[in-house]
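Participant: Quick one: this structure, given as structure tokens, is what I'll be asking you about.
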Amino acid sequence: MAVRFAVSPLWETVAALRLLASPGRSPVHHRWASWAEPRLADLTLPVVPESAVPVPATRTVAFRDEITGLESTEDGLADRLIAVHDAIIAPVWPQLEGVLQGDIERRGQRLVESGSPAVLDELHPDVLSHRNRDLQVGEARVHVGRRDLVLIPSVFVWPDARLRDGPARLALCYPAHGFGALWDRPNTTAKPALAKLLGATRANLLFELDRPSTVSELAARLSVSAAAVSQHLAVLRGAGFVVSRRQGREVVSLRTGLGLAVTQGGQPHSA
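Structure below.
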């Protein structure tokens, strides 16, 4: 069994639709739902079969690339998903992606240090791995065997975990670490407190990373050298507050769920 991670804006779009359709949805997402629902009022919302959503082929994939395989369907599913994504996911994707990529960094390190059983058993209370390569999610139990297992963190799948069983690979969508702090209101007292803890420049960097940014962009906004920004980002990455990834020819940094939580003056949720 080969285990890998992936971030999928399409899976997140579908999870968001399911969350909004759930009458007993978690209050954690109340602020986001109050913002999102009016934006969907004039749209025809799709019914998305489980089997229609492709499993991501790489760790990071663009939404338009994911949706390509659905464009041949005659029911307009692709167009409806594009409309939903553009209305309620794309505007907040930088914040979502920071949490999702941060989760992967955290659990990827755990995978290297302790192996896949330790990672799987920490994903969700309903997820349990067995020594015979069986994977149990709630009442469902499947034999993984030699198939690949793709782990997909999600902000919107909570309180569930969802398993897709396929002939070549399985996909397990689980709640991302730190998602609960995503919609908290900013804490105006957190910045000076963080400045005392981390230093003013590192605190300012952390607050600037509410959207993906390059070293040069951060240096210009904070009026410090690019070399200084790189050094401070390395420290913040080491603490788990920031994750960096390649975006085209550039490297951008994002705030993780842990980084988000400390900028809001609270403790990260355990989920």
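Residue numbers in the sequence shown follow this note's numbering, run continuously in steps of one, and reach 1036 at the last position.
Glycine residues also receive a C-beta, built at the ideal position from the N, C-alpha and C atoms.
#1: Examine chain C for any beta-carbon lying closer than 7 Å to the beta-carbon of L1023, and answer yes or no.
#2: For my contact list, G1005 and R871 are in at a C-beta cut-off of 8 Å; report their separation, rounded to the angstrom.
#3: Out of Q860, P882, H794 and A798, point me to the one whose CA is closest to L1023's CA.
#4: In angstroms, rounded to a whole number, what distance separates the CA positions of S773 and T825?
#5: Give the secondary structure of E973 by DSSP, where H, G and I count as helix, E and B as strand, and everything else as coil.
#6: Helix, strand or coil for A1036, going by three-state DSSP, please let me know.
#7: If you run the structure through DSSP and keep just helix, strand and coil, what is Q901?
#8: Ends of the beta strand (DSSP E) at R929?
#9: Measuring alpha carbon to alpha carbon, tell me which of P924, F770, G867 and T833 ends up nearest L1001.
#10: Which residues does DSSP list as the beta-bridge partners of I917?
#11: Along the chain, where does the beta strand (DSSP E) that runs through F1006 open and close?
#12: Once you ignore the five residues that flank L865 on each side, which residues in its own chain have a CB closer than 6 Å to its CB?
#13: Pull the bridge partners of F770 from the DSSP assignment, please.
#14: Return the Cβ separation of L1025 and A946 in integer angstroms, given the expectation that the two are a contact with Cβ distance under 8 Å.
#15: Considering only the beta carbon of each residue, do R934 and V915 sit closer than 7 Å?
#16: Could you tell me which of V980, Q901 and G873 sits nearest to R1011, measuring between CA atoms?
#17: Could you check the C-alpha separation between D967 and E836 for me, to the nearest Å?
#18: Identify, in the order they occur along the chain, each residue of the same chain with its Cβ nearer than 7 Å to the Cβ of R898, setting aside the five sequence neighbours on each side.
#19: Classify Q874 as helix, strand or coil using the three-state DSSP reduction.
Facilitator: In short, the structure shows the following:
#1: The chain inventory of the structure shown lacks chain C, comprising one protein chain alone.
#2: Contact between G1005 and R871 holds, with the beta-carbon distance rounding to 7 Å and staying under 8 Å.
#3: Residue Q860 is the option with its Cα nearest to L1023.
#4: Approximately 7 Å, taken between the alpha carbons.
#5: Reduced to three states, the DSSP call for E973 is helix.
#6: Reliability of the predicted coordinates at A1036 is poor, the pLDDT of 40 falling under 50, and the value obtained from them is presented with this limitation in mind. Coil.
#7: Three-state DSSP puts Q901 in a strand.
#8: First-last of the beta strand (DSSP E) with R929: R927 to D930.
#9: Here the closest residue by C-alpha is G867.
#10: Beta-bridge analysis with DSSP links I917 to C938.
#11: Note, F1006: premise wrong, no beta strand (DSSP E); not H, not E.
#12: Here the set comprises V772, P918 and A941.
#13: Bridge partners of F770: L916.
#14: With 8 Å as the limit, L1025 and A946 qualify as a contact, their Cβ atoms being about 5 Å apart.
#15: Going by C-beta atoms, R934 is nearer than 7 Å to V915.
#16: Closest option to R1011, Cα to Cα, is V980.
#17: The identity of residue 967 in the sequence shown is Arg, whereas the question assumes Asp. Whole-angstrom Cα-Cα distance: 45 Å.
#18: The answer, listed in chain order, is M766, H908, V909 and G910.
#19: The answer is helix: DSSP assigns Q874 an H, G or I state.
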